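One structure below.
Protein chains: 2
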Amino acid sequence: MGVNVVKLFIFASDAGRRRNHRLPPPGLLRYSDEMTAPRFAFTIAATDGAARTGTLALRRGTIHTPAFMPVGTAATVKAMRATEVAASGADIILGNTYHLMLRPTAERIARLGGLHRFMGWAGPILTDSGGYQVMSLGALTKVTEEGVTFASHRDGSRHAVTPERSIEIQRLLGSDIVMAFDELVALPADRSAVEAAMQRSMRWAARSRAAFDAGGDHAANASLFGIQQGGLDEGLRATSATALRATGFDGYAIGGLAVGEGQDAMFGVLDYACDQLPATAPRYLMGVGKPDDIVGAVLRGVDMFDCVLPTRSGRTGQAFTRAGPINLRNAQFVEDERPLDADCPCPVCATASRAYISHLVRSDEILGAMLMTEHNIWFYQTLMADLRAAIANGCVVAFAAAFLFRYRRDLDSASANE
Amino acid sequence: MGVNVVKLFIFASDAGRRRNHRLPPPGLLRYSDEMTAPRFAFTIAATDGAARTGTLALRRGTIHTPAFMPVGTAATVKAMRATEVAASGADIILGNTYHLMLRPTAERIARLGGLHRFMGWAGPILTDSGGYQVMSLGALTKVTEEGVTFASHRDGSRHAVTPERSIEIQRLLGSDIVMAFDELVALPADRSAVEAAMQRSMRWAARSRAAFDAGGDHAANASLFGIQQGGLDEGLRATSATALRATGFDGYAIGGLAVGEGQDAMFGVLDYACDQLPATAPRYLMGVGKPDDIVGAVLRGVDMFDCVLPTRSGRTGQAFTRAGPINLRNAQFVEDERPLDADCPCPVCATASRAYISHLVRSDEILGAMLMTEHNIWFYQTLMADLRAAIANGCVVAFAAAFLFRYRRDLDSASANE
Chain A
0 MGVNVVKLFI
10 FASDAGRRRN
20 HRLPPPGLLR
30 YSDEMTAPRF
40 AFTIAATDGA
50 ARTGTLALRR
60 GTIHTPAFMP
70 VGTAATVKAM
80 RATEVAASGA
90 DIILGNTYHL
100 MLRPTAERIA
110 RLGGLHRFMG
120 WAGPILTDSG
130 GYQVMSLGAL
140 TKVTEEGVTF
150 ASHRDGSRHA
160 VTPERSIEIQ
170 RLLGSDIVMA
180 FDELVALPAD
190 RSAVEAAMQR
200 SMRWAARSRA
210 AFDAGGDHAA
220 NASLFGIQQG
230 GLDEGLRATS
240 ATALRATGFD
250 GYAIGGLAVG
260 EGQDAMFGVL
270 DYACDQLPAT
280 APRYLMGVGK
290 PDDIVGAVLR
300 GVDMFDCVLP
310 TRSGRTGQAF
320 TRAGPINLRN
330 AQFVEDERPL
340 DADCPCPVCA
350 TASRAYISHL
360 VRSDEILGAM
370 LMTEHNIWFY
380 QTLMADLRAA
390 IANGCVVAFA
400 AAFLFRYRRD
410 LDSASANE
Chain B
0 MGVNVVKLFI
10 FASDAGRRRN
20 HRLPPPGLLR
30 YSDEMTAPRF
40 AFTIAATDGA
50 ARTGTLALRR
60 GTIHTPAFMP
70 VGTAATVKAM
80 RATEVAASGA
90 DIILGNTYHL
100 MLRPTAERIA
110 RLGGLHRFMG
120 WAGPILTDSG
130 GYQVMSLGAL
140 TKVTEEGVTF
150 ASHRDGSRHA
160 VTPERSIEIQ
170 RLLGSDIVMA
180 FDELVALPAD
190 RSAVEAAMQR
200 SMRWAARSRA
210 AFDAGGDHAA
220 NASLFGIQQG
230 GLDEGLRATS
240 ATALRATGFD
250 GYAIGGLAVG
260 EGQDAMFGVL
270 DYACDQLPAT
280 APRYLMGVGK
290 PDDIVGAVLR
300 GVDMFDCVLP
310 TRSGRTGQAF
320 TRAGPINLRN
330 AQFVEDERPL
340 DADCPCPVCA
350 TASRAYISHL
360 VRSDEILGAM
370 LMTEHNIWFY
380 QTLMADLRAA
390 IANGCVVAFA
400 AAFLFRYRRD
410 LDSASANE
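Protein chains in written order, with numbering that gives the first Met the number 0: chain A, 0 to 417; chain B, 0 to 417.
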C-alpha cells in the first residue's frame, strides 16, 4: 500500500464530519512524500569529557540530546495533555508496548491511524518492546526460545509476545524508535543465568532486526535500537555489545540496569558499557532515573533516558527541586507561600504556591496531580537543557558538581519522604 | 487596617523570593484604591419574554448573564486549572464554605491572602453559605435558632456555623458574592416544617445582612445575596420574598429546589418565584442543573446558575453534547473517530476523538477526567453564550425549542447511562 493510499485511508473517513475542527497536520502524523527530514541522523555537536550533546533528527522531529523521554504508558503521559508535554521542552515521549497491546490493542490504534494521531502527539515516539513489563507485570510467565507467554495483570487473559510480534505491535503503533525484544533476569542472578538471558536476547535482537527490516514503509521511516544486556559483568556486556554491533542498529540501549543494583554499581557498568557501544550512535539508558542518576550517566556518555519517576512522583506528592525532592504532604508546606522551586521556569512555579499545591495534594484533588506532574516534567526537561548547555560550553563537570551539591545537600532527610 | 497596609502585608513576604515569577496583578486579587469598577451594578441589556440578558459588574470583573458558575468546591474546579476555567468563558466560579472551612480552613486561606490568590483565580467568586452542605454532608447535625452544629463528614470533628460565622468565613475567603446562611428541609416535608424553616431562614437572612454590613472593607467591596425558601408553596415563597425585600439584598437566590422535586415542579415554582423577586436584581437558581433545566429556567427569568453536573459527569464518563449526553464507557465509542460534539468549539473537540477519550475513561486515566471536564464546562459556557445571544436577538424561544428538540431526541435512551 503506497504512502498516498495510506494517507487517504486514514483521513477520508472524517473529512466531512470534522470540518470545523483543527486536525493535527497530516504530515506530522503519517510519513509522507513531502517529508524532507532524514530517517535518522545523529549529530554530536560538542563533547566534554565522555559527555556529548547534539541532535537526533527523525522524520517526525529533532531530539536534542542528552534527552529525557517522559513515559506515556497508556497513550498518555499521565495527568498531562500532549500540548503540555511539548511545552515542557520534551522532544520525544515513550509508549509502552505491553500496556497498549492489552488495551486498547495495537490493532485498534492502527485502525485509528496510529499512536501519534490517537493521542495527539505530533513528535517522535519511542516504544519499548514489552519485554520488561511482560516480566515485571505479567503473571504465569513462560519463556522459551520462541518468545514469552503470560497472563495479563489486569484480566488474566493469556498473550504471547515473540520478537516478531513485538516488532509488529510497534509497527502497528507507528513507533519512530522501535526497541528490540529482549529477555530480562532479575538481579542478583548467577552469571550463567545472566549469560543465558543475554545470549538469548542477542538472538532475539537479530530476529527483531529481520522483522523490522521486513516492515516496508515503516522500516523506511523508523529506526531500530538494540539493547545491551549482561548484568554487572563487563565481559558479558562486551560480548553483548559485539553481537549487537554485528547485527547493526541505529542506536544502542543499555538494558538490565536500574533494577535495584544501586547507583554505584550502575555507574560502574556505565564506565565501560558506553565505550563498548559505537561512539557515533546514540546511547539510551533505559528506565533511568533520579536526577542525580541522570547527571552521572550523562557525564559517562549517555544520550537518552526515560523514567516514570517525575510523573509517578507527581501523583504521590513528591516534587523535584534544585534543593532536592520535597513531599508536599508534609505539614511544613501548608502555609509556605513560595513556589515549588524558586528557580523553576515552569507555569506551575509562576502561579501556584507550595501552600496551595499542598492543599490539593492532601485533598487528593486531580489538580494536585496535574500541577505536580507538570512541574516535575519541566524540572527534568530543564535539567536536560542545562546539561546540554554545560556540555556545549565545556563546563559539564562544574555544572554537575554545583547541581549535585545543592540537590543532595538536603537529600538524606528529604529522601525519607520518597 | 487600611487598604494600602493590607496590600503591603500580603505582598511583602515574597517580594524577594519570587522575583523571577509572574504574580497575578495585585489589583485583581485585593481591593485597591486604583479599582474603578463598581461594587455592584446589574444592567439588563435586553429582555425576551421573561428571559433577560445583561451584565453584573463587580470589583473583580464583569459577569455576563445568564451565567453558569462552575463549582470549585475545595479551591479547585476539579481537574481544571484556573486558566482553563477562564478560557471556557466562565466569568465567575463558586467556592464551598463547608469544604473550605474544614480544609484548609478559612483562617489559613485568609493568612495566605484570600481564596483568589490561593487558587490563582482573578475573577469574581461566589461562596455559598455552607448551609446546604452542612445538612447534606454533615453528621449528627443539630439545628437551633442560634445556628447549626455538626460533625465533619471527613474526620468527625465537631463544628458550629451560625449566620454570623458563615458570613465571617466568606469574608475570610474574600468572597465577591456572599450568600446568606439558611436552613433547608428535605422534600417532601409537610407545610408547617417548610414554613418554620423558611421563617427561620428569613431571620437568619437578616442576621446575615447585619453581619455582612459590619464587615468593613469587605462589605464596601463585596455583595450579599438573600435566599428565597418556601418549598413548592406559592404562598410561602411570597412570604419569603417579601421578607427578603424588606431586609434588602444585592441579589436574590431561589433556594430549596433541585432537591428531587422533578423538573415540572421546579418550573412550576419558577413560574411565580421570579416575579416575586425584584425585577432589577439578579436571580440565582442554586444547584441547577441539567442543560434542559437551565434552558427552561432562563426562559422563566433566572440569571445565574451553579451545578456540579458538568464537572462530576466529567469524572464519571458522561459528556454533554448538543444531541444529548453520551457515556464514554460504552463500547460503541471505542473506535469512534468523531469529536465528543462536532459543533463544540472547545480545545478537546478540536483535537481528541471519542475513541481516544473512551480509552482514557475506560483506563481510569487522569487525562480522561481532565478532557471530559474541560469539554463539559465549555459545553455549559457555550450554551449560556448561545442563550445570551438568543435573548439579545429576541429569539430565545425558538433557540430553546431547537436546542431541546435536538438535545432530548436521544435523551431517553442516553439518560440510562447517567
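Even for Gly, the Cβ is constructed at its ideal location relative to N, Cα and C. Predicted model, so just to flag it, every value in this text is computed and none were measured.
To the nearest angstrom, report how far apart residue i and residue j are at their CA atoms.
{"i": "residue 56 of chain B", "j": "residue 42 of chain B", "result": "8 Å"}
{"i": "residue 270 of chain A", "j": "residue 255 of chain A", "result": "15 Å"}
{"i": "residue 226 of chain A", "j": "residue 365 of chain B", "result": "32 Å"}
{"i": "residue 444 of chain B", "j": "residue 280 of chain B", "result": "No answer is possible for residue 444 of chain B: it lies beyond the span of chain B, which begins at 0 and ends at 417."}
{"i": "residue 127 of chain A", "j": "residue 285 of chain A", "result": "9 Å"}
{"i": "residue 236 of chain A", "j": "residue 283 of chain A", "result": "15 Å"}
{"i": "residue 362 of chain A", "j": "residue 80 of chain B", "result": "16 Å"}
{"i": "residue 422 of chain B", "j": "residue 259 of chain B", "result": "Coverage of chain B is limited to positions 0 through 417, which leaves residue 422 of chain B absent and any answer about it impossible."}
{"i": "residue 335 of chain B", "j": "residue 67 of chain B", "result": "30 Å"}
{"i": "residue 19 of chain A", "j": "residue 399 of chain A", "result": "Low confidence applies to residue 19 of chain A: its pLDDT is 37, below 50, so where it sits in the model is not reliable, and the reading given next is rough at best. So the alpha carbons of these two residues sit roughly 50 Å apart."}
{"i": "residue 278 of chain A", "j": "residue 303 of chain A", "result": "14 Å"}
{"i": "residue 404 of chain B", "j": "residue 323 of chain B", "result": "10 Å"}
{"i": "residue 159 of chain A", "j": "residue 385 of chain A", "result": "42 Å"}
{"i": "residue 331 of chain A", "j": "residue 181 of chain A", "result": "45 Å"}
{"i": "residue 305 of chain A", "j": "residue 70 of chain A", "result": "7 Å"}
{"i": "residue 249 of chain B", "j": "residue 383 of chain A", "result": "55 Å"}
{"i": "residue 251 of chain B", "j": "residue 276 of chain B", "result": "7 Å"}
{"i": "residue 157 of chain A", "j": "residue 164 of chain A", "result": "15 Å"}
Using a Cβ-Cβ cutoff of less than 7 Å, which residues in the same chain neighbour residue i once the five nearest sequence positions on both sides are dropped?
{"i": "residue 138 of chain A", "result": "149, 150 and 152"}
{"i": "residue 52 of chain B", "result": "44, 45, 64, 65, 387, 390 and 391"}
{"i": "residue 47 of chain A", "result": "390, 393 and 395"}
{"i": "residue 97 of chain B", "result": "129, 132, 133 and 136"}
{"i": "residue 232 of chain B", "result": "190 and 193"}
{"i": "residue 246 of chain A", "result": "204, 205, 208 and 225"}
Is the beta carbon of residue j closer than 8 Å to that of residue i?
{"i": "residue 347 of chain B", "j": "residue 103 of chain A", "result": "no"}
{"i": "residue 60 of chain A", "j": "residue 119 of chain A", "result": "no"}
{"i": "residue 78 of chain B", "j": "residue 99 of chain B", "result": "no"}
{"i": "residue 273 of chain A", "j": "residue 300 of chain A", "result": "yes"}
{"i": "residue 318 of chain B", "j": "residue 327 of chain B", "result": "yes"}
{"i": "residue 89 of chain B", "j": "residue 293 of chain B", "result": "no"}
{"i": "residue 241 of chain A", "j": "residue 229 of chain A", "result": "no"}
{"i": "residue 38 of chain B", "j": "residue 185 of chain B", "result": "no"}
{"i": "residue 175 of chain B", "j": "residue 58 of chain B", "result": "yes"}
{"i": "residue 296 of chain A", "j": "residue 243 of chain A", "result": "no"}
{"i": "residue 125 of chain A", "j": "residue 101 of chain A", "result": "no"}
Take residue i and list the residues in its own chain whose beta-carbon comes closer than 6 Å to its own, dropping the five residues that flank it on each side.
{"i": "residue 345 of chain B", "result": "374 and 377"}
{"i": "residue 62 of chain A", "result": "55, 90 and 91"}
{"i": "residue 316 of chain A", "result": "326, 327, 328 and 360"}
{"i": "residue 338 of chain B", "result": "348"}
{"i": "residue 141 of chain B", "result": "148"}
{"i": "residue 415 of chain A", "result": "Because the pLDDT of residue 415 of chain A is 39, which lies under 50, any placement of that residue in the model is unreliable, and the question is left without a value."}
{"i": "residue 307 of chain B", "result": "70"}
{"i": "residue 257 of chain A", "result": "286, 287 and 288"}
{"i": "residue 369 of chain A", "result": "78"}
{"i": "residue 196 of chain B", "result": "182 and 184"}
Once you ignore the five residues that flank residue i on each side, which residues in its own chain have a CB closer than 8 Å to its CB?
{"i": "residue 380 of chain A", "result": "67, 87, 88 and 89"}
{"i": "residue 144 of chain A", "result": "199 and 202"}
| Given a limit of 7 Å on CB to CB distance, which residues of the segment 188-200 of chain A reach chain B? | Residues: none.
| Should the segment 167-178 of chain A be regarded as contacting the segment 110-117 of chain A, the criterion being three or more beta carbon pairs within less than 8 Å? | The segment 167-178 of chain A, when compared against the segment 110-117 of chain A, does touch it at the 8 Å Cβ threshold.
| Hey, is the segment 306-315 of chain B in contact with the segment 260-268 of chain B, meaning 3+ C-beta pairs nearer than 8 Å? | no
| query | Taking any Cβ of chain B, which residues in the segment 102-116 of chain A have a Cβ under 7 Å from it, in chain order? | reply | 102, 103, 107, 110 and 111
| Contacting positions in the segment 116-128 of chain B - beta carbon closer than 7 Å to chain A | For the segment 116-128 of chain B, the residues whose beta carbon sits under 7 Å from a beta carbon of chain A are, in order, 117, 118 and 119.
| task | Assess, as a yes-or-no matter, whether the segment 206-216 of chain A is touched by the segment 189-198 of chain A under the definition of 3 or more beta carbon pairs within less than 8 Å. | result | In short, these stretches do not touch, since the Cβ pair count stays below three.
| In the segment 353-368 of chain A, which residues sit with their C-beta less than 7 Å from some C-beta in chain B, listed in chain order? | Cβ contacts with chain B: 354, 355, 358, 359, 362, 364, 365, 366 and 368.
| Where the segment 65-78 of chain B meets chain A: residues whose CB sits under 7 Å from a CB there | Close to chain A, meaning a Cβ-Cβ distance shorter than 7 Å, are the following residues of the segment 65-78 of chain B: 73, 74, 75, 77 and 78.
| request: With 8 Å as the limit, tell me which residues of the segment 325-343 of chain B have their beta carbon closer than that to any beta carbon of chain A; keep them in chain order. | output: 333, 334, 336, 337, 338, 341 and 342
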